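Reviewing the structure listed below.
Chains as they are written, first to last, in the UniProt record's numbering: chain R, 1 to 762; chain W, 1 to 647.
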């Protein structure tokens, strides 16, 4: 999807042309403090002489500049030109100090001298002149502005404007509608002739029957068909227009059954195992009297679609997994511990606080449940129905995790994006409500998608060579939820999306027949947000994927991969079964006397193994095939906090010149060297294949996928564990005194003598 | 039994896909966290024919040719492949091993003067438990003759596991149970037998005892210089019997004065140099507590001595004394004649307490940790259970102390004196960790060996007492996991700086495994003097001989050697983790999480392959263009310069 062709500057004239952005950053210093506006963006209010707090320790690093509220973002423009050292990801549409209004979680104003504080909502009044503005962001940043030198009235106005504009009254008022409309017209004529359809997207959107057809073929689901009874959303408001159903069910039957399901959500095919088992998701049957009958019909149809006519197993997720409120409250707690509580205070009981938040417990629960489903599909050869009240929340997480474990295709970048598209966007996950973009109903807010990304990260952490993308990609993807410019995370259902985009097209005079993916593109077109160079941070140098590691016209033995789709462990021969009857002595273990207490935890008796446990043990006893089935380790000790996501803004937690990125750096370099060599080989081979013919017209850089190049042997100094993000000025909880080093240390107050402080401050 | 392992085959072994049975994890004492390493097919042999999961014990890797030949023959045997001078002491059949992970297994037990070997042939591949007797902390008979007539034995091990066996009651009551035989050889010291290291006859290409030479290490640091000299005052261990014979001391303190300082320091452990900053000349010195006592005794010589240490560093007019103990403990030591430096007596010195607890607290903490991690981890309350052991909290305090020392020396350019009570436990932890942060040399494999030899072995960390080699007295209050704790801290550093260390996790695990195994002489005895007296370097093999004979095994491929790079770790529970690769490695559900290194090696192989092909093509082009140079203008070879490589 990352086009290697040079982008014509006219197509996106509001952007610096992608290829030349490196040169473009060397700009003359801005004389006036002008905001960088994108299409359709207008300044609402602004105030000068504002101080942005950079570090908690002192105000000496603070930046002075102008604070601006537009209809898209809160922008801060520092007086002094920023340093040109590129130490972080730079967004094409947002500056280093910008925050999209949709990203604001809470707008807090305070007056230090009066000791007043107020959380601002839409149309709220403010009875004091704020001396401080603290912005709590959905991406976990906390940004603080001080107005000690600013005009009090203008400061107040900006604060109120920010609060007001971050509470849009209506979905259509989200800035993306304005922006994409302008953008469409500005680029008109460009895409009419010759431009690739759907904006050159390689990620299937699943709004067309062909996308589903391909998926059916890819997974060999021959007993399943694309059904179009929901065209124009006549059956269900939350299902996509095209769904996949068992061949044995006729459209007429489906229409009949649909009325019995919550929101008419008839069962939805997700994926087929090579052994013929299918993964299906569905909503509850609303009429209890019809339950048995409908269940039976559905089960029978799914069984018929299985080559071995295997049984169908139903998993009722509502019974096993936390609900959306549980998840939201866990997230609120873990956020509190990670970014809001003072660092040293939360250090005291860090482990138990993390446990008490229950976030990791939930992550583990979803992974565990998904792994159990994998066992049924892969180990028991059975089709599985995931059932949930509405089929729009928990099912999204579990069905995508199951597919991620079973099918290596979804571990590629495009595959992963298509999975999100298929199991979240098209399946009707209520992104609008769960993200609470309109800040209307907090009860509906729940970070399910983030929970899913965290689960993916856990797998990535355990199998670092299995995914084509990196944790930086997952983090950036999560941040994109809070930028309202892409159609992916704005709507509750495909129907709502279609409706709004149709109205939008009408309003903006976009001709009918123009595809939605073109005039309101999904997030998957990453060139909207990042330069080609920055997008290389998404590439995992370790990935063992199709083609990724293969040497052309020859094989390197270490990269052996079986040709057939052996993502089934059952194909690898039956496991050695346990010997029975060897339990002698079990009852002679009766404990006695003093030894009992001493030895009790040590020599606990062994319990019998369930088939499920054996399936897992068996799988873990073999080397993991990165292109095969992957089961995450589920010991509590192996589920970790996703540090890049939760701690990237925390200055005290940032390891200078350290963190996993230093390993990534080294790996990237090596892969870059390999790519240079491969490119040389291609040049030798030439188009005809045999004549060695170097082709100087094609620069090597075109094929290079790595962010760090072979020519930078030592890691740059700016690498930290937060890279490609920086804590600098992004997390100002409250000011307190101390030296940076002292804050790392427990009991720093006792240790630091006055002398030390005096020395350190020199 | 697999006896493989040619050194040649090591390079490819990690990519071997065939694993031994899951259980094998619990079977190998030197097992590494990377399990694929266990199934190490010897060259020229299909991995499938490796019938058993094999321990990676060192001897199997060293003599490649002969070992490889024996593989097939031995794979069906029920006895272990013996080491040179290892002898079978007893064998018993129909013994049941209760594996906490897969259940009861019946097989044969062999006890030698080095190991316990259990093999169950009922499984495919055969289940093997191969345990050096050195790891056994105690043997308990549990469950006496019951209805079934079984006798059951529990082995509590020093490496965070417990093993349970049972066999039928002997018909012949006079015959000793095999476990009684085991007790004899598991505790040779208590039974008047030699520790196996003194019998082990393996020859390695390198003499590991030559790795560390105090004079050359001080020379590397630039000592002697105008401020520091090498003193031979302790040549015969007369000033301090727990110190090395070679000491680095301030130039202007003559040996006679040194002796008077020794009288004022516990056990005569005077402040001596551990490390000097190459630029600022700020130093790390170590010693034991001053003998201040309840009456606040002073020593002019000691005060002058510390002044001399401060004066040796022109950059700073201050000296920091880091007392590793909590201040309460330091004060309590006054009752026993010890104590800490008063700021009145030591002008320009500032005393800082680092709040690190004593060996008894650490022992208790690790005991609790074992309860939490072995054999199984409870599904709920994992983190709060872990928290209640305080293990990570202790790790944090030690690392925080070392970080303060490193920061003071590097950023403050100030010299520091480090001590605890005796200066051989917490002090060793602190100085060696600080040196690891400050000096990249110690982050290489050889440098780390030097660091251990210097700060731990030569300065008298009492390994014999802390580990209790071959001693049945498992309740000895002198036992404590101080060294494990240090290695854990090192592992934490490698986690935060994955590219800053030349060695890998397996290196650290191997060191800990041989801390107990008693196969090598390295960790025997309590001091340099004792080791010399026992002729340990003459009579035993050094662990470094084994490690240095196959460095590739222990090398971190991601290592970047950048000079003058001081590591400032984040000492926070947000980043400190439980070392699962060590503490939870017996659990078969624990799959190693670092195929990163493996992947890197694969990529290296690929680069080499591609480079070869590019070179070949280049030659071809050169030849061709040479033969037809008249036809072609502009030689294509111009643009084909070999890729620069950084290995």
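C-beta atoms are modelled at their ideal positions from N, C-alpha and C, and glycine is treated no differently.
Being a predicted model, the structure only gives us computed values, none of them experimental.
Should residue 263 of chain W be labelled buried (16 or more other beta-carbon atoms within 10 Å of its own) or exposed? exposed
Our contact map puts residue 267 of chain W next to residue 288 of chain W with C-beta atoms below 8 Å; I'd like the distance itself, whole angstroms only. 6 Å
Checking contacts by CB at 9 Å: is residue 436 of chain W closer than that to chain R? So, not an interface residue.
Check this for me: beta carbons of residue 324 of chain R and residue 444 of chain R, under 9 Å apart or not? yes
How close, in whole Å, do the beta carbons of residue 525 of chain W and residue 463 of chain W come, if the pair is a contact with beta carbons under 8 Å? 7 Å
The segment 65-80 of chain R / the segment 96-114 of chain R touching (three or more Cβ pairs under 8 Å): yes
Buried or exposed: residue 454 of chain W, going by 16 or more other Cβ atoms within 10 Å of its Cβ? buried
Can you tell which of R:271, R:52, R:121 and R:263 has the C-alpha that lies nearest to the C-alpha of residue 772 of chain R? No answer is possible for residue 772 of chain R: the residues shown for chain R start at 1 and end at 762.
Please state if the CB of residue 389 of chain W and the CB of residue 407 of chain W are separated by a distance shorter than 9 Å. no
Below 9 Å on C-beta distance, what does residue 617 of chain R contact in chain W? Taking a Cβ-Cβ cut-off of 9 Å, the neighbours of residue 617 of chain R in chain W comprise 22, 101, 102, 588 and 589, given in sequence order.
Determine the burial state of residue 94 of chain W: buried for a count of at least 16 other Cβ atoms within 10 Å of its Cβ, exposed for fewer. exposed
Simplified DSSP assignment, three categories, for residue 134 of chain W: helix
I'd like the list of long-range same chain contacts for residue 276 of chain R, defined as Cβ closer than 7 Å, with 5 residues on each side in sequence excluded. 306, 307 and 308
Output the residue ranges of the beta strand (DSSP E) runs that lie fully inside the segment 250-275 of chain R and measure 3 residues or longer, sorted by chain position. Scanning the segment 250-275 of chain R for uninterrupted beta strand (DSSP E) segments of 3 residues or longer gives 268-272, listed from N- to C-terminal end.
With DSSP collapsed to three states, give me the class of residue 678 of chain R. Correct three-state label for residue 678 of chain R: helix.
Residue 44 of chain W, buried or exposed, once every other Cβ within 10 Å from all chains shown has been counted against 16: Residue placement at residue 44 of chain W is flagged as unreliable, the pLDDT there being 30, under the threshold of 50; the coordinate-derived value follows with that caveat. Here residue 44 of chain W is exposed: its Cβ has fewer than 16 other Cβ atoms, across all protein chains shown, within 10 Å.
With DSSP collapsed to three states, give me the class of residue 110 of chain R. strand
Beta-carbon neighbours of residue 443 of chain W, restricted to chain R and to distances below 7 Å: None at all; the shortest Cβ gap to chain R is about 13 Å.
Note down the Cα distance separating residue 206 of chain W from residue 238 of chain W, rounded to an integer number of angstroms. 32 Å
Pick helix, strand or coil for residue 88 of chain R, following the three-state DSSP scheme. coil
Between the alpha carbons of residue 98 of chain R and residue 181 of chain R, how many angstroms are there, rounded? 22 Å
Interface partners of residue 726 of chain R on chain W, CB under 7 Å: Ordered by position in chain W, no residue passes the 7 Å Cβ test against residue 726 of chain R, which lies about 15 Å from the chain.
Whose Cβ in chain R lies nearer than 7 Å to the Cβ of residue 560 of chain W? 666, 714 and 715
Let me know the secondary structure DSSP gives residue 246 of chain R once reduced to three states. strand
Under 8 Å, with one C-beta from each stretch per pair, do the segment 504-513 of chain W and the segment 222-239 of chain W reach the 3-pair mark? The answer is no - the segment 222-239 of chain W does not touch the segment 504-513 of chain W, with fewer than three Cβ pairs under 8 Å.
Going by the beta-carbon positions, is the gap between residue 405 of chain W and residue 430 of chain W smaller than 9 Å? Yes, Cβ-Cβ distance for residue 405 of chain W and residue 430 of chain W is below 9 Å.
CA-CA distance, residue 589 of chain W and residue 720 of chain R? 32 Å
If you count every other CB in all the chains shown that lies within 10 Å of the CB of residue 342 of chain R, and 16 or more means buried, which is it? exposed
Would you mind telling me which residues of chain W sit closer than 7 Å to residue 350 of chain R, beta carbon to beta carbon, in chain order? 573 and 574
Relative to the C-alpha of residue 222 of chain R, which residue among R:311, R:272 and R:521 is closest? R:272
Quick check: residue 511 of chain W and residue 373 of chain W, are their CB atoms within less than 9 Å of each other? Cβ atoms of residue 511 of chain W and residue 373 of chain W: not closer than 9 Å.
Every unbroken alpha helix (DSSP H) within the segment 163-202 of chain W, with a cutoff of 4 residues, ordered by chain: 178-186
For residue 684 of chain R, does the three-state DSSP call read helix, strand or coil? helix
Alpha-carbon to alpha-carbon, residue 521 of chain W and residue 183 of chain W: Taking C-alpha positions only, residue 183 of chain W is separated from residue 521 of chain W by approximately 21 Å.
Give a yes or no on whether the minimum CB-CB distance between residue 93 of chain W and chain R is below 9 Å. no
Short of 9 Å Cβ to Cβ, which residues in the segment 94-108 of chain R face chain W? none
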